[in-house]
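Taken in sequence, the protein lines are chains R and B. If you count by our numbering, then the first sequence holds residues 5 to 149, one letter each, in order. If you count by our numbering, then the second sequence holds residues 5 to 149, one letter each, in order.
2 protein chains.
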Amino acid sequence: MPKSFSFIDDYLAYLLARSSYLVSEQFHHQIQIQGWSVNYWRILASLSDEDGLTLTQLNQRVLFKQPTLSKLIVKMEQEKLLIRHKDETDKRAIKITISPQGRTLVADLLAQAKAHENTVLADYSQKQQQLLKGMLRRLVLHLQE
Amino acid sequence: MPKSFSFIDDYLAYLLARSSYLVSEQFHHQIQIQGWSVNYWRILASLSDEDGLTLTQLNQRVLFKQPTLSKLIVKMEQEKLLIRHKDETDKRAIKITISPQGRTLVADLLAQAKAHENTVLADYSQKQQQLLKGMLRRLVLHLQE
DNA sequence: AGTAGTTGTATTCATTTTCATATAAAAATG
DNA sequence: CATTTTTATATGAAAATGAATACAACTACT
Numbered sequence: 005m006p007k008s009f010s011f012i013d014d015y016l017a018y019l020l021a022r023s024s025y026l027v028s029e030q031f032h033h034q035i036q037i038q039g040w041s042v043n044y045w046r047i048l049a050s051l052s053d054e055d056g057l058t059l060t061q062l063n064q065r066v067l068f069k070q071p072t073l074s075k076l077i078v079k080m081e082q083e084k085l086l087i088r089h090k091d092e093t094d095k096r097a098i099k100i101t102i103s104p105q106g107r108t109l110v111a112d113l114l115a116q117a118k119a120h121e122n123t124v125l126a127d128y129s130q131k132q133q134q135l136l137k138g139m140l141r142r143l144v145l146h147l148q149e
Numbered sequence: 005m006p007k008s009f010s011f012i013d014d015y016l017a018y019l020l021a022r023s024s025y026l027v028s029e030q031f032h033h034q035i036q037i038q039g040w041s042v043n044y045w046r047i048l049a050s051l052s053d054e055d056g057l058t059l060t061q062l063n064q065r066v067l068f069k070q071p072t073l074s075k076l077i078v079k080m081e082q083e084k085l086l087i088r089h090k091d092e093t094d095k096r097a098i099k100i101t102i103s104p105q106g107r108t109l110v111a112d113l114l115a116q117a118k119a120h121e122n123t124v125l126a127d128y129s130q131k132q133q134q135l136l137k138g139m140l141r142r143l144v145l146h147l148q149e
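#1: Compare the C-beta of serine 8(B) against all C-beta atoms of chain R and say whether one is closer than 8 Å.
#2: Consult DSSP for leucine 57(R) and reduce its assignment to one of helix, strand or coil.
#3: Using CA atoms only, rank isn't needed, just tell me which of Gln82(B), Asp13(B), His146(B) and Ser24(B) is closest to tyrosine 44(B).
#4: In the DSSP assignment, find the unbroken beta strand (DSSP E) run with isoleucine 12(B) in it and report its ends.
#5: Since leucine 143(R) contacts serine 23(B) with CB under 8 Å, what's their CB separation in whole angstroms?
#6: So within the segment 123-149 of chain B, which uninterrupted alpha helix (DSSP H) runs reach at least 4 residues, ignoring any that extend past its ends?
#7: Where are the alpha helix (DSSP H) runs, 4 residues long or more, that stay fully inside the segment 62-121 of chain B, in chain order?
#8: Taking the Cβ atom as the reference point for each residue, do valine 27(R) and valine 110(R) lie within a distance shorter than 8 Å?
#9: Where does tryptophan 151(B) fall in DSSP's three states?
#10: Taking the straight line between their C-alpha atoms, what separation do you get for alanine 115(B) and threonine 108(B)?
#11: Taking CB distances under 8 Å as the criterion, tell me whether phenylalanine 68(R) reaches chain B.
#12: Apart from the five residues on each side of it in sequence, which residues of its chain come closer than 8 Å, Cβ to Cβ, to leucine 76(B)?
#13: Can you tell me whether serine 23(R) is helix, strand or coil according to DSSP?
#14: Output, in chain order, the set of chain R residues within a Cβ distance shorter than 8 Å of lysine 137(B).
#15: Between leucine 51(B) and isoleucine 100(B), which are expected to be in contact by the criterion C-beta below 8 Å, what is the C-beta distance as a whole number of angstroms?
#16: Answer yes or no: do isoleucine 98(R) and threonine 58(R) have a C-beta to C-beta separation smaller than 8 Å?
#17: Does the beta carbon of histidine 33(R) come closer than 8 Å to any beta carbon on chain B?
#18: Does the Cβ of leucine 145(R) have 16 or more other Cβ atoms within 10 Å, making it buried, or fewer, making it exposed?
#19: Express the C-alpha separation of threonine 60(B) and tryptophan 40(R) in angstroms, rounding to a whole number.
#20: Nearest chain B C-beta to glutamine 61(R) closer than 8 Å, yes or no?
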């Protein structure tokens, strides 16, 4: 006889939202203790892989609303963490790169994030970790057509 | 040679945040088209499993900030979707139950949510679905000590 | 080229969220 | 039991968010 779950415990969207929250919770707290905002972290982490994205491209990674990201980017430029460049091939667009200060910060945060992930997944074997991440990667690919 | 991923594509927190976002995106839009807020949906869905939770208990499910939930609950009571009862055994607490109107609404939304999940997981076999959900359930259990 | 539709970003303003704190009740302590 | 600490909820001021919109630049079509 199959185990019976309550609605939310058998509802994929809830399981994802909850695990997402729980996985990030402590690390976000850790960031805030250091005086940084979670939004800054998400933006910098997204740029760390691929610098020079346009605002729209960056937004597809950080998953904010466009006006929210627009304003954050301006603020982060004022704080010398990012640089906004005009895109010469498309004059509507702005390209965003990380400043040297931003690079120093994100290098530090990336290391902390990896360390935190290691503690979160401490009880998972390498194989289990890859299985979990692999399933999520496939789900993401599947959903963003 | 193992495939190499960019930071965010190998970072569990990001994979969860992104898949969570993608899975819920269309359904949230669907809710908003009908004139409801996503927050209302989350609150009602959480109560649908277990009515009569206190605000704190409910908040552990919906994952808001406490003042946010306090205000939403008051608003939803004014709109006759919920009822706030004094808890007689703990006079600080309030217990929250769904009103008849709320029940009608949540029944409708639950059906829509299930239908949406079915389309999201259409390409997954029953076995794969259980594997995915099972891994997430274990992750959640693992993280909430 | 001229027009119509689309895309990329910024801005405004109303709403929502949150931090900090208040308050009252319960629990723990000595 | 009196006192301190913790817990549950509410509230007000400040900050963040987002829907709507504006505008400029690009694309597609005739």
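Glycine included, every Cβ here is placed at the ideal spot set by N, Cα and C.
Straight from the coordinates:
#1: no
#2: strand
#3: Gln82(B)
#4: Run containing isoleucine 12(B): none; DSSP gives neither H nor E here.
#5: 5 Å
#6: 130-147
#7: Within the segment 62-121 of chain B, the runs of alpha helix (DSSP H) at least 4 residues long that lie entirely inside it are, in chain order, 70-82.
#8: no
#9: The shown model of chain B, from 5 to 149, leaves out residue 151(B), and the question about it has no answer.
#10: Computed Cα separation, rounded: 11 Å.
#11: no
#12: Asn43, Tyr44, Ile47 and Phe68
#13: helix
#14: Asp14, Leu16 and Leu19
#15: 7 Å
#16: yes
#17: no
#18: exposed
#19: Cα to Cα, the separation comes out at about 28 Å.
#20: no
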